[in-house]
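Undergrad: Just passing along the structure, written as structure tokens.
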Amino acid sequence: TSIGNDYGYEFIFSRQVEALANKNDIAIGISTGGSSTNVINGLQAAKNSGCQLIGFSGRQGGKMNDLCDINLVIPSEDTPRIQEMHIVLGHTLCHLIEQTID
Numbered sequence: 002t003s004i005g006n007d008y009g010y011e012f013i014f015s016r017q018v019e020a021l022a023n024k025n026d027i028a029i030g031i032s033t034g035g036s037s038t039n040v041i042n043g044l045q046a047a048k049n050s051g052c053q054l055i056g057f058s059g060r061q062g063g064k065m066n067d068l069c070d071i072n073l074v075i076p077s078e079d080t081p082r083i084q085e086m087h088i089v090l091g092h093t094l095c096h097l098i099e100q101t102i103d
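Counting from 1 along the sequence shown, just add 1 to a position and that's the residue number in the numbering used here.
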């Protein structure tokens, strides 16, 4: 996006969150190691906007452990396995939300 060009890739999510997030929204951040600068900046912007934060991370959870209200850590060093589990978690979360709507 132009955000990456104009502000830097590290702000690619935070600038969007600053524009769109509202108090009590839920923001979800996904980072294999839990410390990706662009994701952390986005989550921090969401927190500053009053959002609840959910993290999907791996390894030991990184910075997302302290920042997120809930950080679901995949305890692995294997990037493909972490990312596969993030997909499963995302689908499971969507399924649970759909069940509450029906």
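The beta-carbon is built from N, C-alpha and C at its ideal position, and this holds for glycine as well. Since the model is a prediction, treat every value here as computed from it, not as a measurement.
Taking just the CA atoms, how far does E78 sit from S37?
TA: Rounded to whole angstroms, S37 to E78 spans 15 Å at the Cα level.
Undergrad: Let me know if R82 comes out buried or exposed under the rule of 16 or more other beta-carbons within 10 Å of its beta-carbon.
TA: Classification of R82: exposed, given that the 10 Å Cβ count is below 16.
Undergrad: DSSP has G28 in a bridge; who is on the other side?
TA: Looking at the sequence provided, one finds Ala at residue 28 rather than Gly. Paired residue(s): L54.
Undergrad: Look at the Cβ atom of A22, then the Cβ atom of C69, and state whether they are nearer than 7 Å.
TA: no
Undergrad: How long is the line joining the alpha carbons of I29 and H87, rounded to whole angstroms?
TA: 11 Å
Undergrad: Below 7 Å CB to CB, which residues in the same chain sit around F14 once its five sequence neighbours on both sides are set aside?
TA: Close CB contacts of F14 within its chain, under the 7 Å cut and outside five residues either way in sequence, are with N39, V40, N42 and G43 (chain order).
Undergrad: Nearest to L94 by CA position, among I55, E19, G35 and G63, is which residue?
TA: I55
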